[in-house]
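Q:
In structure tokens, the structure reads:
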């Protein structure tokens, strides 16, 4: 066959050309631009074409349309590393025979060529002396295959987008299980992380497994798990028992229901509370056949995706296996990228915290202020039940709420007396300076709002933007109360610390003025709980000393 390749990646084009020539094809022409390909197509006959979706001069789908106008029997295989749903469907509708998602293997290329050869033979035969009814039946088959490919690419696009949109490791693990369940509906799915130092696997996310159906932690053999999930294998079928090291048949001491106790599954920590173990049907689950998709990162086994089968389960189909292969490979890249991102962010936050510590170290009166404000803010957030996501933001960014004071001269920050109007205007710039410092970190609006808006007032008389009421982001309102309370109860260069009673009275007086009334109410509830705990502790100590 004479084959035309339109690919702007010179190295990839050469690899494809050499491989196709090895398969025995007569001529393979590689063009890096659409204009070159169209000129070559006008001068000679080609039996097949490979077209990259993104070309430097013309969109690949447009090139597909032009070639099909000249030869509607030409089989065309589209290629792309980032296929969009619209482009994929558009290419299929224009008559693309197949779609290869980069990176693909040479085996994928060979299989695509086999399908192309068969498709071309069918088309040429149908254009000959075949009866009209046979042509119609064949068309139905082609249309059915086309619809299957469209559904396949829709699922492929959905997986890619869902993985790309995850922003944390926990969300990613849950997404892997959810996506696997959507690819293989009706199956029970579990995603396990492998801990080689402890020789354990941990069920980190699952779908379709009722609570207690499978232990969260299982001891495994490193030799067996690495032998079973060899890196060169895409997926294997076996039972969980083949890698579990503990002897887990039904115990004679187990309940009458014949279940193994979860407490018999060795925990990672030696102080794991055995009294919390629940009865689970461990033996039966471990013996059920599974399909394993290992997740490798830089040559190391990170974990695996497991599909649990029942005797009546149909085997996974070719499309399902291909989608799960893609899911695991995409997830491996996402895990590595998230780990790198989180490491970089942690390092950067560490640098910023060091700057805050250095800033506070210059003033003995404000030492540990940011740490205390963060602690109080987290307590208020928990009291208000704002959710763990917001609490994590406060734990991370609350510490940096005054980072902008780096841009304020020391003689103003540490001035023992009252500030002049001009000096106060300089101090008021620190929220804007702080936001500018962290602006390029890619933080969300909630994180940036803490730094920029923690000096806004409920009545709109604050700074820097004069926001009022609930226009002030919630986390900034929480930090405002925590910041004010710690400032009042801490000694400063220009005044002594206020007594607790007076600081509390200031919060009451400024409720609905400077501070959000809901946050102030939460502060008093939290304070009352701490005082109650303190009294109980005193009573316990007193009772113990007189026993």
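Residue numbers (my numbering): 62 to 608. All C-beta atoms in this analysis are idealised placements derived from N, C-alpha and C, irrespective of residue type, glycine included.
1. Buried or exposed: which applies to residue 335, given that a residue is buried once 16 or more other Cβ atoms fall within 10 Å of its Cβ?
2. Return helix, strand or coil for residue 84, following the three-state DSSP convention.
3. Taking all protein chains shown into account, decide if residue 137 is buried (16 or more other Cβ within 10 angstroms of its Cβ) or exposed.
4. Looking at the secondary structure, which residues open and close the beta strand (DSSP E) in which residue 299 lies?
5. Between residue 150 and residue 111, how many whole angstroms is the CB-CB distance? I'm expecting something under 8 Å.
6. Which of helix, strand or coil does DSSP assign to residue 268?
7. Keeping to the same chain, check which residues put their C-beta closer than 8 Å to that of residue 207; ignore five residues upstream and five downstream.
8. Please list the segments of the beta strand (DSSP E) lying wholly inside the segment 102-189, counting only runs of 3 or more residues, in order along the chain.
9. Roughly how many angstroms separate the alpha carbons of residue 520 and residue 573, rounded to a whole number?
10. Going by beta carbon distance, what residues of the same chain come within less than 6 Å of residue 440, once the five residues before and after it are set aside?
11. On a CA-only basis, which of 400, 275, 454, 79 is nearest residue 171? Give me that one, please.
12. According to DSSP, simplified to helix, strand and coil, what is residue 322?
13. For residue 261, which residues does DSSP report across the bridge?
14. Measure the C-alpha to C-alpha separation of residue 248 and residue 283 and round it to an integer number of angstroms.
15. Work out the CA separation of residue 469 and residue 487 for me, nearest whole Å.
16. Pull the bridge partners of residue 576 from the DSSP assignment, please.
17. Rounded to whole angstroms, what's the CA-CA distance from residue 204 to residue 121? Just pull it up for me.
18. Considering residue 361, what are the terminal residues of the beta strand (DSSP E) in which it resides?
19. Excluding five sequence neighbours on each side, which residues of the same chain lie with their C-beta closer than 6 Å to the C-beta of residue 517?
20. For residue 329, which residues in the same chain have their Cβ closer than 8 Å to its Cβ, ignoring the five residues on either side in sequence?
21. Whose CA, out of 129, 135, 531, 537, lies closest to the CA of residue 442?
22. Using CA coordinates, which residue listed in 243, 281, 226, 102 is at the minimum distance from residue 253?
23. To the nearest angstrom, report how far apart residue 69 and residue 348 are at their CA atoms.
24. Smallest Cα separation from residue 353: which of 368, 462, 101, 246?
25. Are the CB atoms of residue 125 and residue 95 within a distance shorter than 7 Å?
26. Return the CA-CA distance between residue 239 and residue 579, expressed in angstroms with no decimal places.
27. Quick check on DSSP: helix, strand or coil for residue 603?
28. Which whole-angstrom value describes the C-beta separation of residue 101 and residue 92, a residue pair presumed to lie in contact below a C-beta threshold of 8 Å?
29. Let me check one thing: in DSSP terms, what residues is residue 354 bridge-paired to?
30. Select from 384, 565, 142 the residue whose C-alpha is nearest the C-alpha of residue 161.
31. From the DSSP output, read off the bridge partner residues of residue 207.
32. So, for residue 108: in the same chain, excluding its five sequence neighbours on each side, which residues have a beta-carbon less than 6 Å away from its beta-carbon?
33. Within 10 angstroms of its Cβ, does residue 323 collect 16 or more other Cβ (buried), or is it exposed?
34. Examine the Cβ distances between the segment 452-471 and the segment 545-553 and report whether three or more of them are shorter than 8 Å.
35. Any idea what DSSP makes of residue 94, helix, strand or coil?
A: If we stick to the structure as given:
1. Caution is warranted here: a pLDDT of 37 is assigned to residue 335, below 50, making its placement in the model unreliable, and no coordinate value can be reported.
2. Reduced to three states, the DSSP call for residue 84 is coil.
3. Here residue 137 is buried. Its C-beta has 16 or more other C-beta atoms within 10 Å.
4. Its beta strand (DSSP E) spans residues 297-300.
5. That belief does not hold up - the Cβ atoms of residue 150 and residue 111 are roughly 19 Å apart, past 8 Å.
6. strand
7. Result list for residue 207: 153, in chain order.
8. 109-113, 137-141, 159-162
9. 7 Å
10. 587
11. 79
12. Note that residue 322 has pLDDT 38, beneath the 50 cutoff, so the model's placement of it is unreliable and no number is given.
13. 256, 280
14. 27 Å
15. Distance between residue 487 and residue 469, taken at the CA atoms: about 7 Å.
16. 572
17. 22 Å
18. 361-369
19. 523, 528, 533
20. For residue 329, the pLDDT reaches just 35, beneath the cut-off of 50, and the residue's location in the model is therefore unreliable, leaving the point undetermined.
21. 537
22. From the listed residues 243, 281, 226, 102, the smallest Cα separation to residue 253 is found for 281.
23. In a straight line, the C-alpha of residue 69 is about 51 Å away from that of residue 348.
24. 368
25. no
26. 37 Å
27. Any reading at residue 603 needs caution, since the residue's pLDDT is 47, under 50, leaving its predicted position unreliable; the model's value is listed next. Here residue 603 sits in helix by DSSP.
28. 6 Å
29. 366
30. The shortest Cα separation from residue 161 among 384, 565, 142 belongs to 142.
31. Answer is none; residue 207 lacks a bridge partner.
32. 62, 63
33. Low confidence applies to residue 323: its pLDDT is 36, below 50, so where it sits in the model is not reliable, and the reading given next is rough at best. Buried.
34. no
35. coil
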